[in-house]
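In our numbering, the protein residues as written are 16 to 573. Backbone N, C-alpha and C fix where the C-beta goes; we use that ideal spot for every residue, glycine too.
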Ligand SMILES: Cc1cc2nc3c(=O)[nH]c(=O)nc-3n(C[C@H](O)[C@H](O)[C@H](O)COP(=O)(O)OP(=O)(O)OC[C@H]3O[C@@H](n4cnc5c(N)ncnc54)[C@H](O)[C@@H]3O)c2cc1C
């Protein structure tokens, strides 16, 4: 187990290392050269140097036994430094995940110990040229090699595409079809018949090595079949999705904040029309505040999922999908807005936000695209809606209404509006059988993610007010600012669910036009509109906090 103090120290050494070795100039140069700094990646993974991998390996194999919350904190920090390097370092954890969840005790001992003690780098080989979002379409095969009636090994044949660390890893976990179905195999570099292509020339994360792999009858001994039983591969991959998606969610969060943390100070110095941009409401309330709010909504969700995984609630795939979807979409929007916030300078390589924006783009593609996340979220919660006869989100809303009575300032009432409206939209969709339209199914996924995040943020704000936040949690904002952030997001979520919900139900022909006023009322649209009262004042307050003017604001308000 890692204590809050140890985690803090580890994050501090990471920051200090980055300050010394990974200046903006160095990162920009490596990006332009399209080069993965292997020495830096190895330094970060060496047990006698930074040893980041030790944080993730269980103590029994020589690691420090970090949990999901630690993983989130480290991933956010790594992404703030550079998302390409973060991808390289964290690919080892992705690569070793099938081992962590599915390997035999002997396999775990060998491979996890090697990661801890030797700092070997792993790659995770699932995707193929023809099998991306649909892994079931994989074509790589693992043919049994039988001697004296016994399986002594497998011959792997096929191709993998877009594999992080593909050209630099020491070992690979590779998904291949056995006669009993998809299975993971562990393969070392330099194995006969195994080759990798040159690194891909990518849009972003150019400091990460991404390469295609080829297997031409590559022999692996039988003890390299993860878990020793064929056909477990897709289950093993599923078992870690909650966790791995949380890692990528934290990447989106860290990269998004890294962009905003350049735009915010820039805007205090850039004078236009006689005053700094930071004092222009039309600038801060469009480019900065909404992005801060959405990132913090995603953070609240990430923290809840991490705590629930650490409490042993299982793999939480849907929740991992919501965390990834919200954090990575918010990270992308924040980086995009940061380019705009720097104007012409933002559009150049020198000011970094352009690089961050290219880098963070990958987070809405790898580990499942945003569209696949929408589908995953929607399908699962649709079942919850059906099983509870439409009460699932009404029940969640009622919990938030109860929270509102004890904490009236955290936006729980507006989050409840979002959840009630969601329940109504889903019920309308059920009655009119609208999920036969794939677009409606996926749009529901988006609305679900917004409404659930509003609930998480209200709960996080309550915990903050009660001084009960996880001791490892980020405390950039105090309770008052956190509550204002929560109110802003809850208003947005309520409006989005209600208006978009109406749009899709009406747009898919789910009701007659004479019924639209009744639907607006059942979704609580007038109340959602009234709840926007106070929005600008909350945005002013958050802007004041971000720019260190909060005290002045409070004095004026008093
Ligand atoms: C830089 C980089 C690093 C990567 N690292 C790794 C790695 O280490 N290991 C690994 O195994 N993989 C890795 N990947 C692969 C990555 O996970 C896949 O690219 C991703 O899952 C999408 O698959 P695809 O590229 O085949 O796109 P496709 O699945 O072809 O999707 C193309 C588009 O269609 C949409 N789409 C797909 N299916 C549906 C559907 N049923 N309904 C509606 N829309 C749909 C998608 O959302 C997307 O917008 C990496 C990719 C990149 C670019």
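A distance of 8 Å or more separates the beta carbons of residue 223 and residue 275.
Annotated as proximal: residue 433 and residue 466, with beta-carbon spacing under 8 Å. Counting the other Cβ atoms within 10 Å of the Cβ of residue 332 gives 16 or more, which makes it buried. Note on residue 152: under 16 other CB atoms within 10 angstroms of its CB, so exposed under the neighbour-count rule.
In this structure, residue 177 has its beta carbon less than 7 Å from a heavy atom of ligand 1. Residue nearest to residue 561 within the set 447, 308, 315 is 308 (criterion: CA-CA distance). The criterion of a C-beta distance shorter than 8 Å is not satisfied by residue 440 and residue 292. Contact between the region 100–108 and the region 272–287 is absent: fewer than 3 CB-CB pairs across the two stretches fall below 8 Å.
Each of 114, 78, 462 was checked against the Cα of residue 243, and the nearest Cα belongs to 114. Separation of residue 52 and residue 100 (C-alpha to C-alpha, rounded to the nearest whole angstrom) is 8 Å. In this structure, DSSP gives residue 140 an extended state, which the three-state scheme calls strand. In this structure, DSSP gives residue 159 an extended state, which the three-state scheme calls strand. Shown here, residue 240 sits in a strand according to DSSP, grouped into three states.
Taking the CA atoms as reference points, residue 321 sits about 37 Å from residue 48. As DSSP reads the structure, residue 287 sits in a beta bridge with 290. In the displayed model, residue 167 falls within a strand according to three-state DSSP. With a cutoff of 7 Å, residue 183 does not count as near ligand 1, since its C-beta is closer than that to no heavy atom of the ligand. Our two residues, residue 299 and residue 552, have alpha carbons roughly 13 Å apart in a direct line. Annotation: the continuous alpha helix (DSSP H) that includes residue 407 extends over 407–421. At the C-beta level, residue 380 and residue 464 stay beyond 8 Å of one another. Around the CB of residue 116, 16 or more other CB atoms lie within 10 Å, so the residue is classed as buried. Where residue 196 is concerned, the enclosing beta strand (DSSP E) starts and stops at 196–203. Secondary structure of residue 82 (DSSP, three-state): coil. Proximity to residue 35 across 462, 55, 507 peaks at 55, based on C-alpha coordinates. Taking C-beta atoms under 8 Å as the contact rule, residue 512 and residue 456 fail to qualify, at a distance of about 15 Å. Residue pairing by DSSP puts residue 192 in a beta bridge opposite 156, 197. Around the beta-carbon of residue 422, 16 or more other beta-carbon atoms lie within 10 Å, marking it buried. Distance between residue 557 and residue 304, taken at the CA atoms: about 7 Å. Going by DSSP, residue 210 is part of the beta strand (DSSP E) stretching over 209–211. For residue 198, the closest of 564, 158, 248 by C-alpha to C-alpha distance is 248. Excluding five sequence positions before and after residue 239, the CB atoms of its chain that fall closer than 6 Å to its own CB belong to 200, 201, given in chain order. Secondary structure at residue 492: coil, using DSSP grouped into helix, strand and coil. Assigned with DSSP and collapsed to three states, residue 103 falls in helix.
The C-beta distance from residue 102 to residue 179 rounds to 5 Å, short enough to fall under 8 Å.
When distances are taken from the beta-carbon of residue 202 to the heavy atoms of ligand 1, even the shortest one reaches 7 Å or more. The closest heavy atom of ligand 1 lies 7 Å or more from the beta carbon of residue 248.
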